[in-house]
Each structure stands twice: as C-alpha cells, then as structure tokens.
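Residue numbers (my numbering), protein chains in the order written: chain A, 461 to 1009; chain B, 349 to 410.
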C-alpha cells in the first residue's frame, strides 16, 4: 500500500495506557468511539438474532416455534435494540472517533461528559435486556410503545417500565453527546477551518446533534408521562381522562426526526467516501451543506404523516403531505450531487465505495416508497402492512447500515493501523446486498397483498408463503454477510497489513496524522485553507517535487 | 495522564490532555439505578448513593 506522507508534523506514538482499568476510566475520544462502535455492533448482532427468530417464525404459515406473545416480545425488542442501541450509538461512535481528528482538535470539548454519554448508553442497553429476567419478561409492546397497550391495565409487568427507563437513559446519553458535538465543532476547529470549509461528515454530525438536542426531550418527557401513568396513577394517555393519541404526537415528534438523526451522519460518510474514491472534489459542497441544514429543519415538520389514520383535521393532513414531499427535495439534491461527483471521476471500486454506491441505490428505493406513503389515499391502504416494513428497512438498513459499513471500511485503517481484506470486503458487500434485497423487496409485495405487520402468523390461503420464504432466506444471507465482515476484522488483526497514514489519498485532516493516531491526535494543530486540506497539501508537495525535478 | 511533550517538532510543545477518571462510570451507574428506583426503593437508594459519590469524585477531579 503506497502512502503519501502528509506535510504535517508526524510524531511518534505516546505509550497508550493498557488494561481493563484504562478502558473503564478513559476519557479519550478515540477509545470512547471504539467502545461505542463495539457496543453498537454487539447490539446489532443481538438485534439481528432477534430478527432471524422473527423471520424463522414467519417463513411458513402456522406456529413454528414461538408463541404469539413471545413473537410480540421479539419484534418489540428487535426494533428498540436496532434504533436506540445500534443505529444511533454506532454513528455517535464513528463521530466520536473521527470528528475531533477531522476538525484538527485534540479531544472532544467535554471529555468526561463524553465518557458519561457512553456509559449511559451501555447501562441503558443493559436495563432494556434486564427486562427478559423480570416476571412476565421483556415488553411485548413493539418499539413504538403505544398506549393503551402500555398502560398498567393491559401490560401490568415491570418489563414495560424497564423499556421506558432504558430509552430515557439512552436519550440522556444522546443529549449529552449532542451538547459535546455542538460545542466541539463550533469551538475547536483548526485555524482557518471556517464553517464552510468543514468536512461534510462534520457538517452532518453538527446538524444531527442539533436535531437530537431538540427532539430527544419530547420522547423522554413522553416516557416519563407513561411511567407516571403506570406507577403514580396519572392519566396522561388514558382514554377518556387523557389522550392516547397525545403519545403518538410526542413519540413521532422524536421518532421521525430520528430517521434523519440516523441517516444524516450516514449521508456525511457517503459525502466523504465518494470524492476520495472518485478522485475528484465533491460536486456541490454548498448544495450538500444547505440540503443537510434543510433536512434538519424540515425533519421537524413531518412527524404526523405517521398518524394519518388517527383522523387528523384535513388542513393538517394537507400540511403534512406537503411537508413530507418537500423533504424529498433536499434529499434529491444530495443524491444528484453524489452522482455528479462520480461522473467523470477516476473511480476506485473499493469496499467502502461499493457500500457508498449501495447506499445511494437502496436509499433511493426507500425514499421513493416514502414519497408514495406521503400521499394520503396510498398511506391509508398500506398503513401497518409489510409495505411500511419494507420502506423503513430500505431507508434504515439499505441507507444507514450501508453507510455505516462504508464508513467502517473507509476508516478502519485509521483506527487500527491495519487494512481490511478487499476480497472479503467485497464478499461482505455482495452477500449483504443480495441478502438485504431478498429479505426486504418481497415485503413491498406482501404489503400490497395486505399482509399486516406485527402478526406472528398468517393463513396459507392468502398466497403470502413464497414471499415469506424468500424473505427468510434473505435474512439468513444478511447474517452470513455480517459474519464475513467479522471474519474480515479478525483477519485484519491476524494479517497485520500496515495501512500507513493515508492509504486512500484522502482529503480530510484525520488522514494527516498516524494510523492509529497518537493520544494527542496532532503534535501541532494544522492550519486549513480549504475544505480538503490534504488534497491541497499533496498538490503543493507534487508541485514542489516537480520544481525540484 | 502526564502531559506529553513532543520532542521531535521544531520546538517542544506541551499538550494538555484530560486525566482518566472513573467518575463518569459511577455517575452513569448512579443515574441508571436512580431511574430504576421507580421499581424498587432499594434501587433508588443505591442509585442516589452512587450518584452522590460520582458527582463528588467528578467535582473534586478524581
């Protein structure tokens, strides 16, 4: 692997502290980032196993091996795990590791708060999984936890309380992380790095952090009200005295922006990966930045499209149809800019690039099916069917997870100092790509055929069996793809192919330091003159070498 | 953590890095137990104890 030495001071490694205690007491953003990533991937594996159990049950009509109530627990825990313990934390992990390096800082603004955020996430996850061990077990309420199902009358067991508490704890973790990201990005950038010279990944994390800060208290407040209803005799969400639909407003005011909270950092990853492997500058830096800001703002004006079937006033229905369609505009701007970044470029089809292209193609499918659902008559038809399950997985798995895999393959050499195998990387990509489409594409058809989501069984006479079998085979292919990825990581530590400081000839500051970076990141804080400082530095180096020749 | 001094730059630079601390872990455990106190006063008591200890350690730089 050839490496272009960046013209920034490269100093030797400080001796890193070792041992378990050093990890328990660390406040280093890089170690905390790694802990977030490992925790997020572990919960991804657990949530994935739950998904396999769900798919195994649904493969054929009739009860296979879990009861209806156990099935209810499985899909509720799957959703909660994937959203709150994988999707959000894993991107926080990538951000934690990369952001200070990318803006030329030595750490996050509040290192101890950063550590507190991580530990809260872990403990929040443990509280959720502790619910399996209380009488009557884990909550059987889905990840949305709608009253009256969650009221003490219908779910009189501690698992539901633990579910609510765990989400409040992970929400506190996210909020503290958001404060840290905003302060770090606004105050600790390298000299010369104005806002519009910031890397696009940093921009996406900044906007995401603002969204977390605004949205999360709504959910935490709603969950506190649920706990009060269940334990203190209040009736915020009790029909007749309070209003169960109020919960849906509070929940979706958080959970629709949460889709963008999950997807924006993944979009940021794509905006870093595409120009590097197209060997040309990103097309439309300003357009991508402003569309990120627009998504951040519009993301708060679309929540009630999840509630069209609750009977909103017609004026509100019209507003939310319009706002939902409008948000497709900045998203489309990004997609066109990414495509134009690739056009005319000298493309390198590395694994990171393959996942980035996979992200775009799958996210477009998820986005278009989302625009369908914005149209009220279609929404009423497909609401609570497998169409919606297909749509959300195309956005969150095809979009966000492919973005995460792209980022992991891109930054793995920086974090570990070793290269992943491209052969195993591509095998991972194709297995996940095929498995993903085999799992989720048939769900569009199942939805249109009327198969309701959240049901543990279906009659053989409905003609849904073949699609369900295909979907289940696809789910096991996804599991195989994840195993290929884990094997590739294992192989990287075994082969120890040294990556060098900048194996991709990348553009941003994290590649200006050693791989892995020293504890202090940079011996001297670099000065920045454009949004791609390493590109500039290489150009100067080449020009100087040209003159010397 | 001792502040590392970079020797091989043009001139030595002192870099200030934060000390490791167990306080965030203890505060997080305290917050978690305090919230689960909804289910049991024992958990609530344990949580408040841990929270007070962690905040004290944090405040005094431990």
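A virtual CB, placed ideally from N, CA and C, is assigned to each residue, including glycine. This structure is a prediction, so every number in the text was calculated from the model and none was measured.
Only residues of its own chain outside the window of five on either side were considered, and among them 695 have a CB closer than 8 Å to the CB of residue 701 (chain A), listed in chain order. For residue 681 (chain A), the enclosing alpha helix (DSSP H) has its first and last residue at 660-691. Pairwise C-beta distances place the segment 640-653 of chain A out of contact with the segment 595-611 of chain A, as fewer than three of them are shorter than 8 Å. By a beta-carbon distance limit of 8 Å, residue 665 (chain A) contacts residue 725 (chain A). Their separation comes to about 6 Å. Under a criterion of Cβ atoms nearer than 7 Å, the residues of chain A adjacent to residue 383 (chain B) are, in order, 625, 628, 629.
By DSSP's assignment, residue 729 (chain A) forms no beta bridge with any residue. Taking a Cβ-Cβ threshold of 7 Å, none of the residues of chain A is close to residue 390 (chain B); the smallest such distance is about 14 Å. Not a single C-beta of chain A is nearer than 9 Å to the C-beta of residue 394 (chain B). Interface flag for residue 557 (chain A) against chain B is unset, since no Cβ pair is found closer than 9 Å. In the DSSP assignment, residue 702 (chain A) is bridged to A:699. Contact between the segment 701-721 of chain A and the segment 837-851 of chain A is absent: fewer than three C-beta pairs spanning the two stretches fall below 8 Å. Put simply, the CB of residue 579 (chain A) is near chain B, with a gap under 9 Å to one of its CB atoms. Assigned with DSSP and collapsed to three states, residue 949 (chain A) falls in helix.
Straight through space, the alpha carbons of residue 406 (chain B) and residue 368 (chain B) are spaced by roughly 11 Å. Shown in chain order are the members of the segment 582-601 of chain A whose Cβ falls below 9 Å from a Cβ of chain B: 582, 583, 584, 586, 587, 590, 594.
Chain order gives the chain B residues near residue 691 (chain A) as 386, where near means a beta carbon separation below 8 Å.
Residues 733, 866, 869, 870 of the same chain have their beta carbon placed closer than 6 Å to that of residue 812 (chain A), with the five preceding and five following residues left out of the count.
Taking the Cβ atoms as the reference, residue 531 (chain A) lies roughly 4 Å from residue 916 (chain A), within the contact range of under 8 Å.
A direct Cα-to-Cα measurement between residue 890 (chain A) and residue 883 (chain A) gives close to 11 Å. Under the Cβ criterion of 9 Å, residue 634 (chain A) is not counted among the residues facing chain B. For the 9 Å CB-CB criterion, residue 588 (chain A) and residue 627 (chain A) form a contact.
If the five residues before and after residue 657 (chain A) are omitted, its C-beta is found closer than 7 Å to the C-beta atoms of 988, 990, 991, all from its own chain and listed in chain order.
At a cut-off of 9 Å between C-beta atoms, residue 528 (chain A) does not count as an interface residue with respect to chain B.
Taking residue 894 (chain A) as the centre and dropping the five residues before and after it, the same chain places the C-beta of 937 closer than 7 Å to its C-beta, in chain order. Excluding residues up to 5 positions away in sequence, 917, 918, 919, 920, 925 lie with their Cβ nearer than 7 Å to the Cβ of residue 521 (chain A) in the same chain. Taking 9 Å as the CB threshold, residue 486 (chain A) lines the interface with chain B. Excluding sequence positions up to five before and after residue 840 (chain A), its CB lies within less than 8 Å of the CB of 768, 769, all in the same chain and listed in chain order.
The contact set of residue 571 (chain A) on chain B, defined by CB atoms closer than 7 Å, consists of 366 in chain order. For residue 687 (chain A), the C-beta contacts it makes with chain B under 7 Å involve 386, in order along the chain.
Within chain A, 572 have C-beta atoms less than 7 Å from the C-beta of residue 371 (chain B), given in sequence order. Judged by DSSP in its simplified three-state form, residue 878 (chain A) adopts strand. Note: residue 494 (chain A) is not bridge-paired with any residue in the DSSP secondary-structure output. Among the CB atoms of chain A, none fall inside 9 Å of the CB of residue 400 (chain B).
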